[in-house]
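The structure under discussion appears below in the form of C-alpha cells.
2 protein chains.
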Amino acid sequence: MAGKNERSSSITNVAALANVSIATVSRVLSGKRGKNDDIARRVRAAAEQLNYSVNYAASSLRSDVTNSIGLVIPSATESFSAQLLDELEYAIDADAQQLLIGIGADRSAQTDRIESLLSRHVDGLIVVPGTETDLTETLDRHADSLPIVQIGGHQQSFKTSMVSIDESASMELIMRHLVERGSHAVAYMAGKEVSFESAELFTMFHTQVRSYRLVSHTDWNQFGERTVQRGYDCSMRLFSKDNRPDALVCADDAVAFGAMVALHTLGLRVPEDVRIVGFDDSPLAATTMPTLTSVHPPFEQIVSESLRLIASETGMPAHISLPPQLMIRESTGYAKV
Amino acid sequence: MAGKNERSSSITNVAALANVSIATVSRVLSGKRGKNDDIARRVRAAAEQLNYSVNYAASSLRSDVTNSIGLVIPSATESFSAQLLDELEYAIDADAQQLLIGIGADRSAQTDRIESLLSRHVDGLIVVPGTETDLTETLDRHADSLPIVQIGGHQQSFKTSMVSIDESASMELIMRHLVERGSHAVAYMAGKEVSFESAELFTMFHTQVRSYRLVSHTDWNQFGERTVQRGYDCSMRLFSKDNRPDALVCADDAVAFGAMVALHTLGLRVPEDVRIVGFDDSPLAATTMPTLTSVHPPFEQIVSESLRLIASETGMPAHISLPPQLMIRESTGYAKV
DNA sequence: GTGAAAGCGCTAACAA
DNA sequence: TTGTTAGCGCTTTCAC
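Here is the structure:
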C-alpha cells in the first residue's frame, strides 16, 4: 500500500506535448484566456491525452485559492445536518471544489474544527452551530480572512453571513393548515427554552392562536427535549384529560413520533381525533404510520444561498431568511370542509 | 467578504524569532528531531507566539503527503454511513489530518468523487460502496498509488483492503439470543437478494434454524426492500395466519419498525407474542416503543482498522472481518428461563 | 497573445 | 545536530 510510484503528469508535460509554454497551458486550463483557437484545442487535447489534472497543492500555494469549502456540523446522525450535507455535496461541482468536513457537537469541538479548517485555507466556511452553541467569538475573529456562513442559530454578529429558516413563516404555514383542516384547539410541544428559534416559534404560535381565535391552554404548551420519550410522556399526560386539544404541533419529528405512539395507546386516532405536525421533515416522517406532516427546511435554497454568499466578491455579510415548505401527509388528514 | 488581508506567519518568521534556520523549525515542528532541548522549546514558543500553523499546500507540494484522507459514502442520511462518518471524524486527529468527503449513491457518482479525491492526492481513501455498486474496476486502477479501504460490500479484488462486518457472526448472535429467550418459530425478512451480504445472512439463517432445530417455513423468509412499508406489508400477511412465528429477524431497523406497527395493529404484543430483531442499530432503534433489539455494527473498530490499514507501511492489502454486537432491548424481552 | 522567469512555503538532500 | 539550498508545480508579473 506504499505507492505513489509513477508521478502523475504535470503542466510541463502538457506544455511540451502541446508545444506551448507552461504559462499558456495554465491560462487555457484555468479559463483565463478568451479564445478557443487552435492553441487552446491543442492544449486541451494534450491535457486529455496525458490524463492531466492540476496539482491543487501547487496551485493554491501560488494563488491562495484552495478550491475547497469547509463544513462544520454537530453530527451526521442528526437529520438536518445530514440532509444539508447531502445537498451541499451535491451542489458543489466536484471537479472544481472539494468539501472538507468537521464534526463537533459542542463549542470546544466546533471551534477546534473551525480552526483546523482555517489552517487548511478553505475558501469558505459553512457552519451549523450545535444546539445552544454560540460561536460568535470564534467566527468573528476570522470573519475578515474568509467568507463565513452560519446556518441557523441566533445571529449575534454582523461580521459573518447567516442563512436561516424563517420560523415565523413556518408557524404561519402550520397554523393556517390546521385551521383549514378544521382544528380549533391546538397544543404546542416546543423545543428547549434557551434556543433562539424555540422562543421565536413559541411567540409566533401564540400570535397565531390569537389571530385565528383558537383554543389553547398554558399547560398545553411547554418547552422540552426534542425526543421521542418527551413526546410520548407529555402526550400521555395531555391527552388522558377530558379537556384535550384536537391538534398538536411538535418542535421535532421525534417528539411527534412519540406523541403518535401515545395517542395510539390511548385509543385516539390520527388524524381523526388529533392532527399532528412535526418539524425538520426527517426521513422518519415519510415512514411513520400514519405518515407525518412536517416542516421541510429549504435545503436546496439554503445551500445555493450559502454558496452564493461564499463566492460573492462583495465583502458584505448578508442575513438571509428562507421560507420553509409544509410537507402535508396523513397525520393532518384531508380537508374537512 | 473578500479577505485574506494579512498573510499568516510562515516558517521564516518563526525561524527568525527563534533565531534558528527554517530547516530546524521544520524538523522540530514535524517531530523529526529527537531532543526536547532549549532550541526545540524556543522554536515551539516562537510558533505559539506567532500563532503559526503549517501551510499544508506548501508542505504537500514538497513532500507528497497531504495529511488528508478521503471518505466516499452513498448518503449522509443513511444511518450506517452517518454513524461511520461521525466515528471516523472523531477518530481522526483533526490537528494532523483532515477528512475530505464525497457523496454519491451510484457507481457513476461514486467514481466521480473517487477520481476527484484522488486528484487532490489524499493520503488514503475509505469507500462505502452504495447498494449493488461494484467499484472494483475503479478502485483497482488506483490501488497502487494510495491505500484504499473498502467498507462492506462484496470484495472482488485483492488489490485493495477491505473491512467488513462478520455477517455469519451477526446471525449466530441473533439466533442464540432468540433461542435463549425461548423462541421456537422464527421468520426472516432478508434484504435484497442481489446483495452479497443478504445472501450470506440468508444462508446463515437457515444453518442456524437447522442447528437449533427451530421451526421456519419457506414463505416466512423472503428477500425484499429495506423499508418500513415492506416490514408492515409482509408482517400483515405473515402474522394474520394461524400458523405464525414467535420471532422475527429483520435485515434492517426500518423493516423491523414496520413490522412492529403491523403487530400492534393486529393486536399482537412485542415481545410477549413476537420477538423482533433489527439490523444496523439506527438511532431509531433506541426510540421505538418498545425499543428495538438490533445488531450494532462495530463502528469504532471499523474506523480504527481502516485508519491502521491506511497508515500501514506494508503494501499488503488486508481483509478484515469484524464481529458486531447485539444491542439487546425491549423487543426481545427478558430471559424466560 | 505569448513566453521567460520569479517565487508561493515548505521539506529533503547535502554540506558543514 | 544544524544550516544552506534546490526545487516540488503552479500562477502571475513582466517583457516582448
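Chain order of the listed sequences is W and S.
Under full-length UniProt numbering, the first sequence has 170 at position 170, and the numbering climbs by one with no breaks.
Under full-length UniProt numbering, the second sequence has 174 at position 174, and the numbering climbs by one with no breaks.
For each residue, glycine too, the CB sits at the ideal point set by N, CA and C.
Secondary-structure assignment with DSSP links S/R275 through a beta bridge to S/A247. At the C-beta level, W/R275 and W/D246 come within 8 Å of one another. Within chain S, no C-beta atom comes less than 8 Å from the C-beta of W/P245; the nearest is roughly 21 Å away. Remark: C-beta atoms of W/A185 and W/V215 approach each other more closely than 8 Å. By alpha-carbon distance to W/M204, the top candidate from W/H142, W/V179, W/L117, W/L173 is W/L173. Rounded to the nearest angstrom, the gap between the Cα atoms of S/C250 and S/H177 is 14 Å. Rounded to whole angstroms, the separation of the alpha carbons of W/A254 and W/C234 is 13 Å.
Scanning chain W for C-beta atoms nearer than 9 Å to the C-beta of S/E225 yields nothing, as the closest lies near 12 Å away.
Secondary structure at W/M189: strand, using DSSP grouped into helix, strand and coil. Taking 8 Å as the upper bound for CB-CB distance, S/L29 and S/A47 are in contact here, some 6 Å apart.
Taking C-alpha positions only, S/S282 is separated from S/I11 by approximately 46 Å.
Contact with chain W is absent for S/V28, since none of that chain's Cβ atoms lies less than 8 Å from the residue's Cβ. Within the same chain, and ignoring the five residues on either side of W/K192 in sequence, the residues whose Cβ sits closer than 8 Å to its Cβ are T131, E132, S198, F223, G224, E225, R226. Beta-bridge pairing by DSSP links S/H296 to S/Q325.
At least one beta carbon of chain W lies nearer than 8 Å to the beta carbon of S/H264.
With respect to the C-alpha of S/D86, the residue from W/D86, W/S75, W/E89, W/L85 having the closest C-alpha is W/S75.
With contacts defined as CB atoms closer than 8 Å, S/V303 and S/F257 fail to qualify as a contacting pair. If you check each beta-carbon in the region 101-115 of chain W against every beta-carbon of chain S, the ones closer than 8 Å belong to I101, G102, I103, D112, R113.
Chain order gives the chain S residues near W/H121 as N55, Y56, A57, where near means a beta carbon separation below 8 Å. Residue environment: S/Q83 is assigned as buried (16 or more neighbouring CB atoms within 10 Å of its CB, all protein chains considered). Here the alpha carbons of S/I101 and S/E89 stand approximately 11 Å from one another.
Residue environment: W/Q110 is assigned as buried (16 or more neighbouring CB atoms within 10 Å of its CB, all protein chains considered).
In the three-state scheme derived from DSSP, where H, G and I count as helix and E and B as strand, W/G130 is classed as coil.
The alpha carbon of S/L284 has as its nearest neighbour, out of S/M316, S/I126, S/F80, the alpha carbon of S/F80.
As the crow flies, the alpha-carbon of S/V163 is around 11 Å from that of S/F299. For W/Q49, the secondary structure class from DSSP, reduced to helix, strand or coil, is helix.
At a cut-off of 8 Å, the C-beta of S/V261 has a neighbouring C-beta in chain W. In the same chain as S/T138, and ignoring 5 residues on each side of it, the C-beta atoms closer than 7 Å to its own belong to T111, I114, in chain order. Per the C-alpha coordinates, the member of S/L125, S/N36, S/I73, S/D93 positioned closest to S/I103 is S/I73. Distance from the CA atom of W/Q301 to the CA atom of W/D64, rounded to whole angstroms, is 28 Å. Under the 8 Å criterion on CB atoms, W/D219 is classed as non-interfacial with respect to chain S. W/S157 is a Cβ neighbour of W/T136, given a cutoff of 8 Å. The shortest CA-to-CA distance from S/T288 to any of S/E272, S/T314, S/A259, S/S312 is the one to S/A259. The closest CA to that of S/I22, considering only S/K35, S/V43, S/G34, S/G31, is found on S/V43. Residue environment for W/Q49: exposed (fewer than 16 other C-beta atoms within 10 angstroms of its C-beta). For S/G124, the three-state secondary structure derived from DSSP is strand.
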